[in-house]
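I have placed the structure first, in the form of C-alpha cells, so that the comments after it can refer back to it.
Structural data, given as C-alpha cells:
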C-alpha cells in the first residue's frame with residue numbers, strides 16, 4: 002500500500018513535507034501576501050518551502066530589496082533545492098553596495114567573470130604575482146585549475162548577479178576590485194608568493210585606493226605573528242588604514258596560520274544556517290578556532306560558510322554540464338529523450354539513462370546529477386568553506402566604508418565586533434564575538450561621527466605610570482571598569498563620559514602580571530574591551546579582556 006501523498010495546497014505539487022512555522026520577522030507580511038492571492042488559505046493548511054520562498058521574494062522585490070527576477074526555482078519536484086540569496090539571509094541593507102570602495106583579493110587565480118565586468122568592468126587590475134606581470138584575462142592553461150577559487154570568492158563578495166538576473170549578487174555589488182593571483186605554475190600557493198602579494202599592495206595601495214584585503218588562504222607554518230613576514234606586512238597595511246580579512250580554515254582541530262593569526266587581522270570562521278531564514282537555525286560550521294601561538298583567541302567573527310551561491314567557472318566542463326542539465330529540466334516529455342541524445346556528451350550520467358525510455362526515471366537521474374554536483378542554475382552552484390565566509394565580511398566592511406570613508410581599521414573592528422550576535426549554546430572561543438550583523442553595523446556607522454580615540458584600549462604608559470581604558474558607547478548613562486585588579490567591584494572605577502559617546506578612565510600602573518577585566522554598562526550589562534585582542538572565555542558565553550603588564 003502506497004503512503005499518502007503530501008500535496009502543497011497552493012502550487013498543488015507533491016512534496017516531502019509542508020511548512021507550518023514562519024520566520025518571525027516576516028510572518029505577518031508573508032501570510033497577508035498569501036491570503037491576498039489565496040483567500041481560503043490558513044496557516045494550519047501549511048505550504049511547501051518553494052511557495053514560502055516565492056512569496057517572501059515577491060515581498061522583497063516590492064520593497065526593491067531584490068530585483069524583479071521571475072521564478073527562480075526551475076526544478077519543481079519534492080526534492081527541489083533553492084539557495085536563498087545572501088543579502089536576504091544575513092539581512093543586509095540594500096542601500097549600500099560598496100560604491101567607491103576598492104577590495105583587493107589575494108587568491109589562487111581569477112577569471113574576469115561576467116558578474117564583475119558585464120554591466121560595468123569593476124576590475125581595476127589583475128596581477129599574476131608569481132610571474133610579476135599584469136594581465137587582463139586568464140592565461141589558457143591554468144584557467145580551470147587556478148582561477149576557480151579566486152573567481153568564486155570575489156564574485157561572492159562583489160558580483161552583481163549578471164548571469165542570474167540579479168538573484169545571486171554579492172553585498173558589495175558596486176565595489177571595485179584588484180585581483181592578485183598567487184598560485185604558481187606548479188599549482189602551489191607558497192608563503193613567498195603571499196608575501197609578494199602583500200608587498201605589492203604596500204607599494205600600490207594608494208594608486209588603486211585599496212581599503213580592504215580579503216585573503217581566503219593561509220601561509221604554510223604555525224608561528225607567532227611576531228615571527229611571520231606575512232603578519233608583519235599585514236600589520237603594516239593595517240597601520241596604513243587598510244582592513245585585512247582572513248579565513249581561519251575548515252578543520253576544527255587545525256591551528257590558525259598567518260595571516261588569520263595576526264593581532265589586528267579580522268579572522269573569520271563559519272556558521273551554518275541550514276539555508277533557512279531566521280537565526281534560530283544557526284549552528285557552527287566546522288571551521289578552525291582556538292588560541293594562536295601568541296595566546297590570541299581566533300576567530301573574531303563568524304559568517305555564513307555553507308549553502309553559498311557561487312559562480313561556476315565559465316567555459317569549463319562543469320559549466321557546460323550545468324547548462325545542459327538545466328536545458329533538459331526545462332524540456333517537455335516529448336522532447337526530453339531527443340534532447341538527452343543531443344546534450345548527452347556534456348553530462349556524466351549512467352549508461353542506463355541514455356538507454357531508458359522511462360521519462361520519470363530519466364528526470365530523476367537528471368535531478369540527482371544536479372543535486373550531487375551542487376548546481377543551482379546553469380551558471381551557479383552552492384559551495385562551502387570559510388573561504389566564502391571571509392568575503393561576506395569584506396563585503397559588509399565595504400558598505401561601512403561607503404558610508405564613512407574616514408573609518409580606521411580599529412573603528413571598523415569595533416563596529417563589527419560590538420554589533421555581532423553570539424550563537425546560543427556555542428562557546429565564544431569557537432565564534433568570537435558572534436555572527437556578523439550587517440544591518441546593525443550599517444546603522445551604527447550611520448548614527449555616529451568618526452571618533453578617534455586618544456589611544457587603543459588598554460594603553461599602558463610606563464613613563465606616566467598609568468593605564469588608560471577607552472570604550473565607545475553612545476547610549477550609556479554610566480560605565481564602570483571592573484576586573485581582577487579591584488576584585489570585580491562594579492561601582493568603584495567610574496569612567497568619564499566624553500564627546501560623541503567616548504568614555505575613558507586612567508588608573509595607576511599595576512604591578513607586572515596578567516589581569517582580567519570588563520566594562521559594566523548601566524549597572525546591568527558586562528561588555529568586553531573590543532580594542533583589546535587578548536581575551537579568554539568568561540564562562541557566560543562571552544569574553545574577559547586580558548590586561549598584560551610586562552616588567553619595566
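In the working numbering, the protein residues as written are 2 to 553. Note that CB positions come from ideal geometry on N, CA and C, so glycine has one too.
Spatial distance of residue i from residue j (CA atoms)
i, j, result
"residue 394", "residue 462", "34 Å"
"residue 637", "residue 191", "Only positions 2 to 553 of the chain appear in the structure, and residue 637 is not among them; the question remains open."
"residue 489", "residue 119", "59 Å"
"residue 188", "residue 344", "32 Å"
"residue 447", "residue 246", "22 Å"
"residue 399", "residue 178", "11 Å"
"residue 264", "residue 513", "22 Å"
"residue 424", "residue 432", "8 Å"
"residue 499", "residue 537", "29 Å"
"residue 521", "residue 240", "30 Å"
"residue 287", "residue 542", "19 Å"
"residue 255", "residue 470", "34 Å"
"residue 491", "residue 539", "16 Å"
"residue 161", "residue 94", "15 Å"
"residue 261", "residue 31", "41 Å"
"residue 444", "residue 408", "14 Å"
"residue 371", "residue 325", "10 Å"
"residue 355", "residue 218", "42 Å"
"residue 404", "residue 300", "26 Å"
"residue 483", "residue 427", "25 Å"
"residue 88", "residue 271", "16 Å"
"residue 546", "residue 466", "21 Å"
Close beta carbons around residue i, own chain, < 6 Å, minus the five adjacent residues each side
i, result
"residue 532", "457 and 458"
"residue 359", "none"
"residue 92", "440"
"residue 176", "99, 102, 104, 159 and 399"
"residue 131", "185 and 194"
"residue 142", "In this prediction, residue 142 scores a pLDDT of 34, lower than 50, which makes its location untrustworthy; no coordinate-derived value is stated."
"residue 21", "47"
"residue 323", "313, 376 and 379"
"residue 319", "313"
"residue 347", "321, 322 and 325"
"residue 544", "429, 529 and 536"
"residue 1", "With the chain covering 2 to 553 only, the question about residue 1 has no answer from this structure."
"residue 12", "52"
Where residue i falls, given that 16 or more other Cβ within 10 Å makes a residue buried
i, result
"residue 252", "exposed"
"residue 236", "buried"
"residue 308", "buried"
"residue 331", "exposed"
"residue 415", "buried"
"residue 1", "With the chain running from 2 to 553 in the structure shown, residue 1 is simply not present."
"residue 228", "exposed"
"residue 362", "exposed"
"residue 258", "buried"
"residue 476", "exposed"
"residue 49", "buried"
"residue 316", "exposed"
"residue 37", "exposed"
"residue 472", "buried"
"residue 455", "exposed"
"residue 509", "exposed"
"residue 479", "exposed"
Beta carbon of residue i nearer than 8 Å to that of residue j
i, j, result
"residue 110", "residue 148", "yes"
"residue 156", "residue 311", "yes"
"residue 216", "residue 107", "yes"
"residue 497", "residue 504", "yes"
"residue 1", "residue 485", "Residue 1 lies beyond the stretch modelled for the chain, which goes from 2 to 553, so this question has no answer here."
"residue 410", "residue 172", "no"
"residue 340", "residue 328", "yes"
"residue 366", "residue 350", "yes"
"residue 116", "residue 163", "yes"
"residue 121", "residue 151", "no"
Contact set for residue i: own chain, Cβ-Cβ below 7 Å, skip 5 residues either direction
i, result
"residue 421", "302, 434, 435, 436, 437 and 438"
"residue 70", "At residue 70, the pLDDT of 32 sits below 50, so the modelled position is not reliable and the matter cannot be decided from this model."
"residue 46", "10"
"residue 225", "294 and 295"
"residue 386", "251 and 306"
"residue 209", "103, 125, 126 and 179"
Nearest-angstrom Cβ-Cβ length linking residue i and residue j, presumed shorter than 8 Å
i, j, result
"residue 430", "residue 290", "6 Å"
"residue 269", "residue 249", "6 Å"
"residue 278", "residue 85", "7 Å"
Cβ neighbours of residue i in the same chain (closer than 8 Å, five flanking residues each side left out)
i, result
"residue 442", "397, 400, 401, 416, 417 and 420"
"residue 238", "199, 202, 203, 206, 214 and 245"
"residue 511", "468, 486, 548 and 550"
"residue 552", "513"
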